[in-house]
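Peer 1: Quick one: structure below, then a few questions.
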Amino acid sequence: MKIGIIGAGFVGRAVAKLAIKAGHQVMLSNSRGPQTLFSLKPMIGCEIGNAADAASFGDIVLIAVPLTAIGQLPVAEIGGKPVIDAVNYYPERDGQIAELDDQTTTTSEYLAGFLPHSKITKAFNAIQMTDLESDGLPAGAPQRRALPVAGDDAETKKAVMALYDAFGFNAVDVGALSEGWRFQKGMPAYCVRMTENELKASLEGAVRPEPAGR
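Numbering of the sequence shown is given in this note's numbering, commencing with residue 86 and proceeding in unit increments.
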(Lines of atoms letter the chains of each structure in order from A and count residues from 1; the text may use other names and numbers.)
(Lines give C-alpha, C1' and ligand atoms only; values in the text may rest on other atoms or scores of the structure.)
Protein backbone atom coordinates (compact mmCIF):
# COMPACT_ATOMS: atom_id res chain seq x y z
CA MET A 1 0.00 0.00 0.00
CA LYS A 2 1.13 3.55 -0.67
CA ILE A 3 0.59 5.88 2.30
CA GLY A 4 0.77 9.63 1.83
CA ILE A 5 1.38 11.45 5.12
CA ILE A 6 0.59 15.14 5.49
CA GLY A 7 2.50 16.32 8.53
CA ALA A 8 6.06 15.28 9.38
CA GLY A 9 6.02 15.77 13.15
CA PHE A 10 6.02 13.04 15.79
CA VAL A 11 2.88 11.34 14.44
CA GLY A 12 3.84 11.39 10.78
CA ARG A 13 7.35 10.13 11.38
CA ALA A 14 6.34 7.36 13.77
CA VAL A 15 3.67 6.01 11.43
CA ALA A 16 6.07 6.30 8.49
CA LYS A 17 8.75 4.23 10.25
CA LEU A 18 6.33 1.48 11.23
CA ALA A 19 4.58 1.41 7.86
CA ILE A 20 7.86 1.06 5.98
CA LYS A 21 8.94 -1.70 8.38
CA ALA A 22 5.62 -3.46 7.58
CA GLY A 23 6.37 -3.31 3.85
CA HIS A 24 4.38 -0.26 2.75
CA GLN A 25 5.58 2.68 0.65
CA VAL A 26 5.39 6.08 2.33
CA MET A 27 5.70 9.72 1.32
CA LEU A 28 6.12 12.32 4.07
CA SER A 29 5.27 15.98 3.58
CA ASN A 30 5.00 19.20 5.54
CA SER A 31 3.97 22.81 5.01
CA ARG A 32 7.54 24.03 4.54
CA GLY A 33 8.38 21.93 1.50
CA PRO A 34 10.34 18.76 0.76
CA GLN A 35 13.72 20.49 1.00
CA THR A 36 13.22 20.64 4.78
CA LEU A 37 12.74 16.85 4.89
CA PHE A 38 15.69 15.75 2.76
CA SER A 39 17.42 13.94 5.66
CA LEU A 40 14.36 11.77 6.30
CA LYS A 41 14.60 10.01 2.95
CA PRO A 42 17.80 8.11 3.81
CA MET A 43 17.04 8.03 7.55
CA ILE A 44 13.55 6.48 7.36
CA GLY A 45 13.47 5.19 3.80
CA CYS A 46 10.47 7.28 2.77
CA GLU A 47 9.73 9.48 -0.19
CA ILE A 48 9.35 13.21 0.45
CA GLY A 49 7.18 15.87 -1.17
CA ASN A 50 4.71 18.64 -0.52
CA ALA A 51 1.21 18.04 0.78
CA ALA A 52 -0.33 17.77 -2.69
CA ASP A 53 2.38 15.29 -3.72
CA ALA A 54 1.72 13.12 -0.66
CA ALA A 55 -2.04 13.18 -1.24
CA SER A 56 -1.61 12.18 -4.88
CA PHE A 57 0.93 9.49 -3.96
CA GLY A 58 -1.17 7.75 -1.33
CA ASP A 59 -3.67 4.97 -1.78
CA ILE A 60 -4.58 6.20 1.70
CA VAL A 61 -3.73 9.59 3.24
CA LEU A 62 -2.84 10.25 6.87
CA ILE A 63 -3.60 13.75 8.16
CA ALA A 64 -1.26 14.55 11.05
CA VAL A 65 -1.21 18.35 11.25
CA PRO A 66 -2.40 20.86 13.86
CA LEU A 67 -6.11 21.61 13.63
CA THR A 68 -5.28 25.18 12.61
CA ALA A 69 -3.64 23.87 9.41
CA ILE A 70 -6.53 21.86 7.98
CA GLY A 71 -7.71 24.84 5.94
CA GLN A 72 -4.53 24.51 3.88
CA LEU A 73 -4.99 20.83 3.00
CA PRO A 74 -4.92 19.95 -0.74
CA VAL A 75 -8.63 19.22 -1.03
CA ALA A 76 -8.63 18.29 -4.73
CA GLU A 77 -5.82 15.75 -4.40
CA ILE A 78 -7.35 14.19 -1.29
CA GLY A 79 -10.86 14.08 -2.75
CA GLY A 80 -12.35 10.60 -2.99
CA LYS A 81 -9.47 8.97 -1.10
CA PRO A 82 -9.47 7.08 2.19
CA VAL A 83 -8.21 9.42 4.92
CA ILE A 84 -6.85 8.62 8.38
CA ASP A 85 -7.52 11.47 10.78
CA ALA A 86 -4.92 11.62 13.56
CA VAL A 87 -5.70 15.24 14.47
CA ASN A 88 -6.43 16.33 18.05
CA TYR A 89 -7.92 19.56 19.36
CA TYR A 90 -5.73 21.51 21.77
CA PRO A 91 -7.30 24.94 22.45
CA GLU A 92 -4.03 26.19 23.91
CA ARG A 93 -2.42 25.53 20.51
CA ASP A 94 -5.32 25.78 18.10
CA GLY A 95 -7.37 28.57 19.71
CA GLN A 96 -11.01 28.16 20.67
CA ILE A 97 -13.26 26.47 18.09
CA ALA A 98 -16.89 26.98 19.02
CA GLU A 99 -18.25 23.82 17.38
CA LEU A 100 -15.81 21.67 19.34
CA ASP A 101 -16.18 23.58 22.60
CA ASP A 102 -19.99 23.24 22.59
CA GLN A 103 -19.83 19.53 21.62
CA THR A 104 -21.95 19.97 18.48
CA THR A 105 -19.34 18.09 16.46
CA THR A 106 -16.21 15.98 16.81
CA THR A 107 -12.73 16.71 15.53
CA SER A 108 -13.15 14.23 12.68
CA GLU A 109 -16.52 15.61 11.65
CA TYR A 110 -15.00 19.09 11.76
CA LEU A 111 -12.22 17.88 9.45
CA ALA A 112 -14.82 16.26 7.19
CA GLY A 113 -16.29 19.70 6.64
CA PHE A 114 -13.04 20.66 4.92
CA LEU A 115 -12.78 17.35 3.01
CA PRO A 116 -16.38 16.63 1.95
CA HIS A 117 -15.42 14.08 -0.72
CA SER A 118 -13.00 12.00 1.36
CA LYS A 119 -13.59 8.81 3.36
CA ILE A 120 -12.42 9.75 6.83
CA THR A 121 -11.54 7.35 9.64
CA LYS A 122 -10.38 8.48 13.09
CA ALA A 123 -7.26 6.62 14.24
CA PHE A 124 -3.73 7.02 15.63
CA ASN A 125 -4.78 10.00 17.76
CA ALA A 126 -5.14 8.21 21.11
CA ILE A 127 -1.61 6.98 21.70
CA GLN A 128 1.67 8.74 22.36
CA MET A 129 3.98 8.25 19.42
CA THR A 130 6.80 6.95 21.60
CA ASP A 131 4.35 4.25 22.75
CA LEU A 132 3.28 3.53 19.16
CA GLU A 133 6.89 2.73 18.33
CA SER A 134 7.60 0.70 21.47
CA ASP A 135 4.37 -0.95 22.68
CA GLY A 136 3.57 -3.24 19.75
CA LEU A 137 3.31 -6.97 20.51
CA PRO A 138 2.69 -10.07 18.38
CA ALA A 139 -0.90 -11.09 17.69
CA GLY A 140 -2.30 -13.20 20.49
CA ALA A 141 -0.09 -11.73 23.22
CA PRO A 142 -2.33 -11.53 26.34
CA GLN A 143 -1.30 -7.96 27.21
CA ARG A 144 -1.35 -6.67 23.64
CA ARG A 145 -2.43 -3.04 23.68
CA ALA A 146 -5.59 -2.05 21.81
CA LEU A 147 -6.28 1.14 19.86
CA PRO A 148 -9.64 2.63 18.81
CA VAL A 149 -10.90 3.43 15.33
CA ALA A 150 -14.09 5.17 14.19
CA GLY A 151 -15.44 5.82 10.72
CA ASP A 152 -18.30 5.47 8.26
CA ASP A 153 -16.45 3.72 5.42
CA ALA A 154 -15.96 0.01 6.03
CA GLU A 155 -13.06 -0.43 3.59
CA THR A 156 -11.07 2.46 5.08
CA LYS A 157 -11.60 1.08 8.58
CA LYS A 158 -10.48 -2.34 7.40
CA ALA A 159 -7.25 -0.85 6.02
CA VAL A 160 -6.60 1.10 9.23
CA MET A 161 -7.25 -1.93 11.42
CA ALA A 162 -4.78 -3.92 9.30
CA LEU A 163 -2.16 -1.22 9.98
CA TYR A 164 -2.86 -1.41 13.71
CA ASP A 165 -2.34 -5.16 13.60
CA ALA A 166 0.85 -4.87 11.55
CA PHE A 167 2.19 -2.36 14.06
CA GLY A 168 1.49 -4.75 16.95
CA PHE A 169 -1.87 -3.59 18.30
CA ASN A 170 -5.42 -4.92 18.50
CA ALA A 171 -8.09 -2.72 16.95
CA VAL A 172 -11.39 -1.79 18.60
CA ASP A 173 -14.07 -0.57 16.18
CA VAL A 174 -15.96 2.20 17.98
CA GLY A 175 -18.53 2.62 15.22
CA ALA A 176 -19.46 5.64 13.12
CA LEU A 177 -17.22 8.67 12.69
CA SER A 178 -19.52 10.60 15.03
CA GLU A 179 -18.49 8.23 17.84
CA GLY A 180 -14.91 9.50 17.68
CA TRP A 181 -15.58 11.74 20.68
CA ARG A 182 -15.19 8.64 22.85
CA PHE A 183 -11.42 8.72 22.40
CA GLN A 184 -10.75 12.40 21.87
CA LYS A 185 -8.41 14.36 24.13
CA GLY A 186 -9.69 14.40 27.72
CA MET A 187 -11.61 11.13 27.52
CA PRO A 188 -10.64 8.09 29.67
CA ALA A 189 -9.42 6.12 26.63
CA TYR A 190 -7.17 8.91 25.37
CA CYS A 191 -3.49 7.90 25.42
CA VAL A 192 -3.96 5.29 28.18
CA ARG A 193 -2.45 1.83 27.75
CA MET A 194 -5.29 -0.73 27.74
CA THR A 195 -5.93 -4.26 26.54
CA GLU A 196 -8.79 -4.89 24.14
CA ASN A 197 -11.33 -5.70 26.88
CA GLU A 198 -10.22 -2.75 29.00
CA LEU A 199 -10.49 -0.37 26.06
CA LYS A 200 -13.95 -1.63 25.09
CA ALA A 201 -15.18 -1.05 28.64
CA SER A 202 -13.66 2.43 28.74
CA LEU A 203 -15.18 3.43 25.43
CA GLU A 204 -18.62 2.06 26.30
CA GLY A 205 -18.60 3.86 29.64
CA ALA A 206 -17.50 7.20 28.24
CA VAL A 207 -19.72 10.18 28.99
CA ARG A 208 -19.71 13.10 26.58
CA PRO A 209 -18.70 16.33 28.34
CA GLU A 210 -21.26 19.06 28.86
CA PRO A 211 -20.76 22.05 26.56
CA ALA A 212 -18.65 24.81 28.09
CA GLY A 213 -20.72 27.36 29.99
CA ARG A 214 -23.66 25.08 30.84
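We put the beta carbon where it would ideally sit given N, CA and C, even for glycine.
Leaving out the 5 sequence neighbours to the left and right, which residues in its chain are closer than 7 Å to C276 when beta-carbon positions are compared?
Peer 2: A211, I212 and Q213
Peer 1: Straight-line CA distance for A274 to N255?
Peer 2: 14 Å
Peer 1: On a Cα-Cα basis, can you pick out the residue from E177, A183, Q157 and T192 that is closest to D170?
Peer 2: T192
Peer 1: From L152, G165 and A251, pick the residue whose C-alpha is nearest to that of D220; which is it?
Peer 2: Nearest of L152, G165 and A251 to D220, Cα basis: A251.
Peer 1: Which parts of the stretch 223-281 are runs of the beta strand (DSSP E), unbroken and 3 residues or longer, counting only runs that do not cross its ends?
Peer 2: 231-236 and 255-260
Peer 1: For E289 and chain D, any beta-carbon pair shorter than 7 Å?
Peer 2: The question asks about chain D, but that chain is absent: this structure has only one protein chain.
Peer 1: Using 10 angstroms around the beta-carbon of S203, count the other beta-carbons present and answer buried if the total reaches 16, otherwise exposed.
Peer 2: buried
Peer 1: Residues in its own chain within less than 7 Å of L284 by CB, not counting five upstream and five downstream?
Peer 2: A231, P233, V257 and A274
Peer 1: May I ask which residues mark the beginning and end of the beta strand (DSSP E) holding M112?
Peer 2: Q110 to S114
Peer 1: My assumption, with CB atoms under 8 Å, is that V172 sits in contact with I155. Please give the rounded CB distance.
Peer 2: 7 Å
Peer 1: If we count the other Cβ atoms within 10 Å of its Cβ and call it buried at 16 or more, is G290 buried or exposed?
Peer 2: exposed
Peer 1: Pick from A197, A183, G271 and D216: whose alpha carbon is nearest that of F95?
Peer 2: D216
Peer 1: Here's a check: name, in chain order, each residue in its chain whose Cβ is nearer than 6 Å to the Cβ of R117, leaving out the five neighbours to either side.
Peer 2: Around R117: no qualifying Cβ.
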